[in-house]
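Chains as they are written, first to last, in my numbering: chain V, 4 to 248; chain E, 204 to 271.
Since the structure comes first, as structure tokens, the remarks are kept for the end.
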């Protein structure tokens, strides 16, 4: 009996020492001790933060979202019957055009309800990703910079380079226009506007303005997004349940 | 490659040599995680790549956890 007790005490002491060391680790890294546990979620979350990394690996001091990590996750979400909806969190400064368009096309071609929230910033190539969801939200303080696609660094100085760049830009414009309520004219006006950005061409669209232009569907945050995704899930599942009855 | 971003090229590609070369993406208990190799040979978890919000509540995947 005593031995058992001693054993148990020994174990709890061991547990405590291992707990305290992991606790110290967590306080050092997170600044907090524990997070609450909750049941499984039928809505998954995809966060697209920092720069969108494409064909070329960016230096490690950049915070990046690697598109090759996200594409298989999107397929997994599409395949998993337990996952009913997807919320996309966006806080990005843009990045690789083709990686961004790949993500946007993947999200827009998913059969499950998708809702995006633009938090902080959804600049440049973040714009097509934001509008690719079934319903998009922007928080009142978030901004989206719309500006022309441009090149820096070494460029082959032939007219074809600029034609290629123009076509690239056309792909972005076409995607945004076909997946949001903004008119092509209006989007191009914003893209090529002068005087809005200091010494640059383009427009910085803030929260409510993005909704007024028809670029984003609504102003809202987590609560609105969760309500919308649940509503979309109910809509897609509604008729099937009636057939069963 | 064409970057579509309001950032300047020098912000993305600084001239000094890159550090943090001992950073890698591994599969840990079926989840993709970014880890950094410590001097003692253990790995410290930097970032969890998952779409399941519940994974982020799991203590085993919180940033800073040491993996042996």
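From the three backbone atoms N, C-alpha and C, an ideal C-beta is built for every residue, glycine too.
If you're wondering where the values come from, they're calculated on a predicted model, not measured in any experiment.
- Within the same chain, Cβ atoms closer than 8 Å to the Cβ of residue 67(V) are found at 53, 54, 55, 56, 61 and 98, the five residues on either side in sequence being excluded.
- Among the residues of chain V, those whose CB is under 7 Å from the CB of residue 255(E) are 44 and 47, following chain order.
- The beta carbon of residue 191(V) lies closer than 8 Å to those of 176 in the same chain, with the five residues before and after it left out.
- Taking a cut-off of 8 Å for Cβ pairs, the region 219-229 of chain V and the region 132-148 of chain V touch, as three or more such pairs fall below it.
- For residue 246(E), no Cβ of chain V is located within less than 9 Å of the residue's own Cβ.
- Between residue 51(V) and residue 106(V), the C-beta spacing is below 9 Å.
- Under the three-state reduction of DSSP output, residue 174(V) falls in the helix class.
- With contacts defined as CB atoms closer than 9 Å, residue 248(E) and residue 269(E) qualify as a contacting pair.
- The beta-bridge partner set that DSSP reports for residue 121(V) consists of 93(V) and 141(V).
- Cα atoms of residue 73(V) and residue 100(V): separation of roughly 15 Å, rounded to the nearest angstrom.
- Within 10 angstroms of the beta-carbon of residue 91(V) lie 16 or more other beta-carbons, which makes it buried.
- Comparing C-alpha distances from residue 125(V) to each of 146(V), 230(V) and 231(V) shows the shortest one belongs to 146(V).
- Residue contact check for residue 182(V) against chain E: no CB pair falls below 9 Å.
- Residue 264(E) has its alpha-carbon roughly 14 Å from the corresponding atom of residue 228(E).
- The Cβ atoms of residue 205(E) and residue 154(V) lie closer than 9 Å to each other.
- For residue 198(V), the uninterrupted beta strand (DSSP E) run begins and ends at 197-200, by DSSP.
- At a C-beta separation below 7 Å, residue 99(V) has these neighbours in chain E: 204 and 206.
- Residues of the same chain with a CB within less than 7 Å of the CB of residue 207(V), apart from the 5 flanking positions on each side, are 146, 148, 199 and 200 in chain order.
- Bounds of any beta strand (DSSP E) do not take in residue 59(V), whose DSSP letter is neither H nor E.
- Between residue 253(E) and residue 76(V), the gap from beta carbon to beta carbon is short of 9 Å.
- Under the DSSP assignment, residue 148(V) falls in the beta strand (DSSP E) whose first and last residues are 146-149.
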